[in-house]
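Peer 1: I have a structure here, written as structure tokens, and I will follow up with some questions on it.
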Amino acid sequence: MQGAANEDKIPVAESPVTPQASGDGLYFDDGQTKVDYVLVFHHRRHSSIRSPTDTSISQDRLSIVSNGNFPPTVGSDAGAGRGGGVPGGDAASVGEGFMELGGAGGSDPTETADHEMRLIRQEFESNLLEAGLEIERDRELKTHGPSFTRLHAPWPVLCREAEFLKIKVPTKASYELKEESGRFGMSTMWRKLNQPFQPKVPHQDHGRTKFISHCFSRDKLHLYNITSKETFFDNATRGRIVYEILRRTACARTCQTIGISALIAKDVYDAAFPLHDGDYKVIGHLDERNDRQVLLEEWARYSAFYKYQPVDLVRKYFGEKIGLYFAWLGVYTQLLIPASIVGIIVFGYGVATVDTNIPSLEMCDERLNFTMCPLCDGACDFWHLSTACGTARASHLFDNPATVFFAIFMSLWAVLFLEHWKRRQISLSFSWDLTGIEEDEEHPRPKYETILLQKRQRKQKNKKKKKKNESAIEKLTWKDRLPGYFINVSSILFMFGLTFSAVFGVIVYRITVSALMAMSPDPETKSNVRVTVTATAVIINLVVILILDEIYGAVALWLTELEIPKTETNFEERLILKAFLLKFMNAYAPIFYVAFFKGRFAGRPGNYVYVFNDYRMEECAPGGCLIELCIQLSIIMLGKQLIQNNIFEIGIPKLKKLVRALKDKGSAVEEREDERPPQQWNLDYELAPFEGLTPEYMEMIIQFGFVSLFVASFPLAPLFALLNNVIEIRLDAKKFVTELRRPVAVRAKDIGIWYNILSGMGKFSVIINAFVISFTSDFIPRLVYQYVYSQTGTMHGFIDHTLSHFNVSNFKPGTVPQNSDHGNITVCRYKDYREPPWAADAYQFSKHYWCVLAARLAFVILFQNLVMFLSLMVAWVIPDVPKTIVEQLKREKKLLVDVFLQEEKEKFQLIQSLFAKDATLHPSSRGPRPDQAHHIPGRYSTLPPGPTAGDGGGSGGGTKTRCRAASFSQFSRKAPSSPKNENENSRHTAV
24 MQGAANEDKI
34 PVAESPVTPQ
44 ASGDGLYFDD
54 GQTKVDYVLV
64 FHHRRHSSIR
74 SPTDTSISQD
84 RLSIVSNGNF
94 PPTVGSDAGA
104 GRGGGVPGGD
114 AASVGEGFME
124 LGGAGGSDPT
134 ETADHEMRLI
144 RQEFESNLLE
154 AGLEIERDRE
164 LKTHGPSFTR
174 LHAPWPVLCR
184 EAEFLKIKVP
194 TKASYELKEE
204 SGRFGMSTMW
214 RKLNQPFQPK
224 VPHQDHGRTK
234 FISHCFSRDK
244 LHLYNITSKE
254 TFFDNATRGR
264 IVYEILRRTA
274 CARTCQTIGI
284 SALIAKDVYD
294 AAFPLHDGDY
304 KVIGHLDERN
314 DRQVLLEEWA
324 RYSAFYKYQP
334 VDLVRKYFGE
344 KIGLYFAWLG
354 VYTQLLIPAS
364 IVGIIVFGYG
374 VATVDTNIPS
384 LEMCDERLNF
394 TMCPLCDGAC
404 DFWHLSTACG
414 TARASHLFDN
424 PATVFFAIFM
434 SLWAVLFLEH
444 WKRRQISLSF
454 SWDLTGIEED
464 EEHPRPKYET
474 ILLQKRQRKQ
484 KNKKKKKKNE
494 SAIEKLTWKD
504 RLPGYFINVS
514 SILFMFGLTF
524 SAVFGVIVYR
534 ITVSALMAMS
544 PDPETKSNVR
554 VTVTATAVII
564 NLVVILILDE
574 IYGAVALWLT
584 ELEIPKTETN
594 FEERLILKAF
604 LLKFMNAYAP
614 IFYVAFFKGR
624 FAGRPGNYVY
634 VFNDYRMEEC
644 APGGCLIELC
654 IQLSIIMLGK
664 QLIQNNIFEI
674 GIPKLKKLVR
684 ALKDKGSAVE
694 EREDERPPQQ
704 WNLDYELAPF
714 EGLTPEYMEM
724 IIQFGFVSLF
734 VASFPLAPLF
744 ALLNNVIEIR
754 LDAKKFVTEL
764 RRPVAVRAKD
774 IGIWYNILSG
784 MGKFSVIINA
794 FVISFTSDFI
804 PRLVYQYVYS
814 QTGTMHGFID
824 HTLSHFNVSN
834 FKPGTVPQNS
844 DHGNITVCRY
854 KDYREPPWAA
864 DAYQFSKHYW
874 CVLAARLAFV
884 ILFQNLVMFL
894 SLMVAWVIPD
904 VPKTIVEQLK
914 REKKLLVDVF
924 LQEEKEKFQL
934 IQSLFAKDAT
944 LHPSSRGPRP
954 DQAHHIPGRY
964 STLPPGPTAG
974 DGGGSGGGTK
984 TRCRAASFSQ
994 FSRKAPSSPK
1004 NENENSRHTA
1014 V
């Protein structure tokens, strides 16, 4: 690099950085200028090369870095590494920067399109230069393949944008955080016990010292803790600042587009991303690890499953939005531990009491000889209830009195989880300086701009429209979105119908297979009808759910695009709601059917409900539908977690990477002739792009539904969720660190709409669990029998009480068992509360049925009100903001006020000394005497009282001088020499 070219360049830092990473692709070729962002496009070189003096190229005054990448014949300064703003060198430097943006020298449509793309890139990058960024391009001229444009934001640009974005930075003021003493030294003991679980992250924010943060301002640089201009803004913040510039930079002349997202949508660029902090593999001493390597070692390894997450480092590297996701996932996983323990205890209680459970013993007792009515027409025979002994015993494992306690506990657990997360979120907002941040102004999405542009063009072509109507096309109205809304509603209804059709198809499968297996001559096949049909039907349900899940995700994206949301936030919220609605219905529709509909509409012997006039509607097992609900829930939950959340997340990215490697194999072989090792931007470009957190949140929200909605039927659900999440955290961490491009650091105060979804599911779970316990399980019938109908106050006789009688002579023709050897059977039993055949109103619902129904409804109301009351109590007892945070916020506010008061006091003393010195040097031209300097009116006034004729050379007097701003930076610039009491950091104010 030649020194002459560097002189006119905007300085990046006061002192050059050591080029320690000049070869690892984190810097420009000079080894000092840091790469903050990378733009990628597929470069195709054509025959015509644009002249460096092309009039279409704007004459930029800012510098552009070219690294000598282009032939020396392009301009007089081609040999220089950097083109500056010097006379005569401006055109040459810009010509070097854009010499590959040649014209379309042929009639080939592809070449014409490439030429248009080059013109757009030319204008866009010229505007980036005007915004103050520095640009470096690839040295080699490729005929095909990706071409990289590196961007760097110098210190003045960083300061300007940080002030615009109101980025909070640490000041010099700090204070010591109070340590929680606890009683009897418990806090110290807890820290020692916790030490092995803490990640080994170096340089952890100076221990217990916290620096007070304040929004960045160029006029207050002396207040900030600036040790080095190169490291004051970390890489994530630098990338975010550059992204903000890219997002608002417009291409008005060529394509009327704003922002890099629109250009990527138009295929002008292939990708745009900030760089990772180097390779993730640790090479060398452990103390020299970068943040990416630390995250891999201490966070993204399965062997670190027992450690806490370094959420502060995650936030520093990936930004607040991703940091909040992993913090939320960590809180959720931690609180699954007590839920899992209680679930194991409830399940253990069922195992321990299964041998003493009277209803199970009665069902298994062959001496009672309950002869049951046939399960199907014709082919099925009468059967004994004792053959369903195994189902009854298994049902008791999940359907026991402890289940009610567990349902109440899990409803309160959901409230406790949300309250705990609110406190954790506020604590993170305080430690991450997110308190009081404002929402960033968002630019319209590319699709919105395109539709709006098309609307404007249609209006312009219609000459009958008046000019006053042009203001009405500045935005899209509901009329423009009406077709999209119509397609949305109809498509969602169709998807609901598709989901219900899939559930109904599985029902038909169960009915037909049950009938076919019942007609089998093999007795073993007949005896395993329920187990076989239930297991295979659930597996079919799982496969259908997995397939429809992928389809619904794509459909939700397509439907959201049709709505034409204006901003990315609106787009994301609408996409989340649609995807959640569709996937919720898809995942839970089979479970809802088993829980609340199966066996409710089957009819009774002699009057069954038929499907297709041939097949009877299926009924619940003798032990109740709860055991089938448990099987359905467990297989779907475990299958989704194992297949979708883990195998898909590991396998599909590997498969995509393999396909991409095979696709690029031909070009890679040719490029390997150049022995230059791949730079960091090459390595990052090969990684998968970051596509947002919606899929990550969605799978956890669906899992939260499995844990909370139907947990009364499967107490082990929290345990399996915990085991999955321990793996999921490390799997997601490894994906973010090693397999995805670095996302732009996005500020976020909370997890957004996901909290509302969680809160709604928590309230919905109370209702669902109340109905599951009341209507699906046998808890209420047992309770009613024991305290109303039992002669002894025990459960003896409960099975006989729940079975109704049916006279076999009342079977319809063709439905009597054909192979029956029990000619002496006159009455069979079936599970229902109906009058016996010898009663006046035979086969009608008995008074026992209405008594049990009333008890069930009463229990639903009681359960809901009790849980809601306890939930409100929990929410009221636990404050949203921790007491320590409130105290620290007050303390920080007071310290910050003291800092600014001290600054104003120093300004006041400086201005006094300036006027006193000026009056001493020019006693004849000043109105007030030096000893009158202390009579300045007002606490922070900066001028002597009263106008003085001839003050400041006699032009304008004191009135004009009083109108001037009295900022410290202006006085420091105007002062002929620095006074002795000037702040030592005032030199930083001239940016």
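Numbers 24 to 1014, taken from the numbering used here, label the letters of the sequence shown in order. Glycine included, C-beta positions come from ideal geometry on N, C-alpha and C. As the structure is a computational prediction, the values presented were derived from the model and not from experiment.
(1) Within the continuous beta strand (DSSP E) that includes LEU763, where are the two ends?
(2) Can you name, in chain order, every residue of its own chain whose Cβ lies under 7 angstroms from the Cβ of ALA430, other than the five neighbours on each side?
(3) How big is the Cα-Cα spacing for THR583 and PRO467?
(4) Using alpha carbons as the reference points, say which of MET896, HIS175 and HIS138 lies closest to GLY54.
(5) Looking at the strands, I want to know which residues DSSP matches up with ILE1018.
(6) When we look at the beta-carbon of ASN847 and count the other beta-carbons within 10 Å, is it buried (16 or more) or exposed?
(7) Between the stretch 750-758 and the stretch 391-408, do at least 3 Cβ pairs fall closer than 8 angstroms?
(8) Indicate the three-state DSSP secondary structure (helix, strand or coil) for LEU174 in the structure shown.
(9) Which class does TYR50 belong to by DSSP, given the choice of helix, strand or coil?
(10) Would you mind sorting GLN82 into buried or exposed? The rule is 16 or more other CB atoms within 10 Å of its CB.
(11) Provide the residue span of the beta strand (DSSP E) that contains ALA196, from first to last.
(12) Work out the CA separation of ILE776 and PRO840 for me, nearest whole Å.
(13) Restricting to Cα atoms, I'd like to know which of PRO225, LEU244 and THR260 is closest to ARG4.
(14) By the three-class DSSP mapping on this structure, what secondary structure does SER251 have?
(15) Quick check on TRP406: does DSSP put it in helix, strand or coil?
(16) Is GLY1051 near LEU739, with beta carbons less than 9 angstroms apart?
(17) Give the secondary structure of PRO382 by DSSP, where H, G and I count as helix, E and B as strand, and everything else as coil.
(18) If we call anything under 9 angstroms between Cβ atoms a contact, is ALA610 one with LYS663?
(19) So, under 8 angstroms CB-CB, TRP178 and LYS252 are touching, yes? Tell me the CB distance rounded to an integer number of Å.
(20) Considering LYS854, what are the terminal residues of the beta strand (DSSP E) in which it resides?
(21) Suppose the cutoff is 6 angstroms on Cβ atoms and the five residues either side in sequence are ignored; what does the same chain contact list for ALA362 look like?
(22) Within this structure, are the beta carbons of VAL2 and PRO836 separated by less than 9 angstroms?
(23) Does the stretch 257-272 come into contact with the stretch 146-164, if we say contact requires no fewer than three beta-carbon pairs (one atom in each stretch) closer than 8 angstroms?
(24) I need the boundaries of the beta strand (DSSP E) containing TYR303, first residue and last residue.
(25) Ignoring anything shorter than 3 residues, give me the beta strand (DSSP E) runs that lie fully in the stretch 515-578, in order along the chain.
(26) Counting only runs that start and end within the stretch 802-844, where is the beta strand (DSSP E) found for 3 or more residues in a row?
(27) On the CB-based measure, 16 or more other CB atoms within 10 Å of its CB, does ASN833 come out buried or exposed?
(28) Given this structure, state the Cα-to-Cα distance separating ARG231 from PHE594, to the nearest angstrom.
(29) On the DSSP letters alone, give me the boundaries of the beta strand (DSSP E) that GLU157 sits inside.
(30) If you reduce the DSSP assignment to three classes, tell me which class HIS65 lands in.
(31) Applying the criterion that 16 or more other CB atoms from any shown protein chain within 10 Å of the CB defines a buried residue, is THR133 buried or exposed?
(32) Would GLN932 be called buried (16 or more neighbouring beta carbons within 10 Å of its own) or exposed?
(33) Mind pulling the alpha helix (DSSP H) runs of 4 or more residues that sit fully within the stretch 281-355?
(34) If we call anything under 9 angstroms between Cβ atoms a contact, is GLY629 one with TYR866?
(35) What would DSSP say about GLY168, mapped onto helix, strand or coil?
(36) How about LEU62 and THR172: are their beta carbons less than 9 angstroms apart?
Peer 2: Reading from the atomic positions:
(1) Position 740 of the sequence shown, counted from the first residue, corresponds to residue 763. Here LEU763 belongs to no beta strand (DSSP E), and DSSP marks it neither H nor E.
(2) As a working note, residue 430 is residue 407 in the sequence shown. Cβ contact annotation for ALA430 (same chain, cutoff 7 angstroms, sequence separation greater than five): VAL734, ALA735, ASN792 and ILE796, in chain order.
(3) Sequence index remark: in the sequence shown, residue 583 carries index 560 (1-based). Sequence index remark: in the sequence shown, residue 467 carries index 444 (1-based). If you take the alpha carbons of THR583 and PRO467, they lie about 15 angstroms apart.
(4) Within the sequence shown, numbered from 1, the residue matching residue 54 stands at position 31. When each option's Cα is compared against that of GLY54, the closest is HIS175.
(5) Here the chain covers residues 24 to 1014 and nothing more, so residue 1018 does not appear.
(6) Stepping through the sequence shown from its first residue, residue 847 is reached at position 824. So ASN847 counts as exposed.
(7) Not touching, per the Cβ criterion.
(8) Working through the sequence shown from its first residue, we reach residue 174 at position 151. LEU174 falls in the strand class under three-state DSSP.
(9) Taking the first residue of the sequence shown as 1, we reach residue 50 at position 27. Three-state result, TYR50: strand.
(10) Counted from its first residue, the sequence shown places residue 82 at position 59. A caution first: GLN82 carries a pLDDT of 36, below 50, which makes its placement in the model unreliable, though a value can still be read off. It counts as exposed.
(11) Start at 1 with the first residue of the sequence shown, and residue 196 comes out as number 173. Where ALA196 is concerned, the enclosing beta strand (DSSP E) stretches over 191-199.
(12) Taking the sequence shown and counting its residues from 1, the one referred to as residue 840 is at position 817. Taking the sequence shown and counting its residues from 1, the one referred to as residue 776 is at position 753. Approximately 58 angstroms, taken between the alpha carbons.
(13) Residue coverage of the chain in this structure runs from 24 to 1014, which leaves residue 4 outside it and unanswerable.
(14) As a first step, residue 251 must be located in the sequence shown, where it is residue number 228. Correct three-state label for SER251: coil.
(15) To locate residue 406, count along the sequence shown from 1; it is residue 383. If DSSP states are grouped into helix, strand and coil, TRP406 belongs with the strands.
(16) Since the first and last residues shown for the chain are 24 and 1014, residue 1051 lies out of range.
(17) Within the sequence shown, the letter at position 359 stands for residue 382. DSSP, read as helix, strand or coil, puts PRO382 in helix.
(18) Looking up residue 610 in the sequence shown gives position 587. Looking up residue 663 in the sequence shown gives position 640. Yes, the pair counts as a contact, with Cβ atoms nearer than the cut-off.
(19) As a first step, residue 178 is located in the sequence shown; it is residue number 155 there, counting from the start. As a first step, residue 252 is located in the sequence shown; it is residue number 229 there, counting from the start. About 5 angstroms separates the two Cβ atoms, so the contact holds.
(20) By one-based count along the sequence shown, residue 854 stands at place 831. From DSSP, the beta strand (DSSP E) with LYS854 extends over 850-854.
(21) Numbered from 1 along the sequence shown, position 339 holds the residue referred to as residue 362. Taken in chain order, the residues that qualify are TRP436 and PRO741.
(22) Residue 2 lies beyond the stretch modelled for the chain, which goes from 24 to 1014, so this question has no answer here.
(23) Counting Cβ pairs under 8 angstroms, three or more are found: they touch.
(24) For the purposes of this step, residue 303 is identified with residue 280 of the sequence shown, where counting begins at 1. Looking at the DSSP string, TYR303 is not in any beta strand (DSSP E), and its letter there is neither H nor E.
(25) none
(26) 826-830
(27) As a working mapping, residue 833 is identified with position 810 in the sequence shown. So ASN833 ends up on the exposed side.
(28) Locating residue 231 in the sequence shown gives position 208, counting from the first residue. Locating residue 594 in the sequence shown gives position 571, counting from the first residue. Those two C-alpha atoms are separated by around 41 angstroms.
(29) Walking along the sequence shown from the start, residue 157 turns up at place 134. It spans 157-160 - the beta strand (DSSP E) in which GLU157 sits, taken as one unbroken run.
(30) Within the sequence shown, residue 65 is the residue found at index 42, counting from 1. The answer is strand: DSSP assigns HIS65 an E or B state.
(31) Reading the sequence shown from its first residue, position 110 is the one you call residue 133. Exposed.
(32) In the sequence shown, the residue the question calls residue 932 occupies position 909. It is exposed - the Cβ of GLN932 has fewer than 16 other Cβ atoms within 10 Å.
(33) Within the stretch 281-355, the alpha helix (DSSP H) runs of at least 4 residues that lie entirely inside it are, in chain order, 283-288, 314-321 and 334-341.
(34) The sequence position of residue 629 within the sequence shown is 606, counting from 1. The sequence position of residue 866 within the sequence shown is 843, counting from 1. Against a cut-off of 9 angstroms, the Cβ pair of TYR866 and GLY629 comes out as a contact.
(35) For the purposes of this step, residue 168 is identified with residue 145 of the sequence shown, where counting begins at 1. GLY168 falls in the coil class under three-state DSSP.
(36) The count along the sequence shown starts at 1 and reaches residue 62 at position 39. The count along the sequence shown starts at 1 and reaches residue 172 at position 149. Contact flag set, yes.
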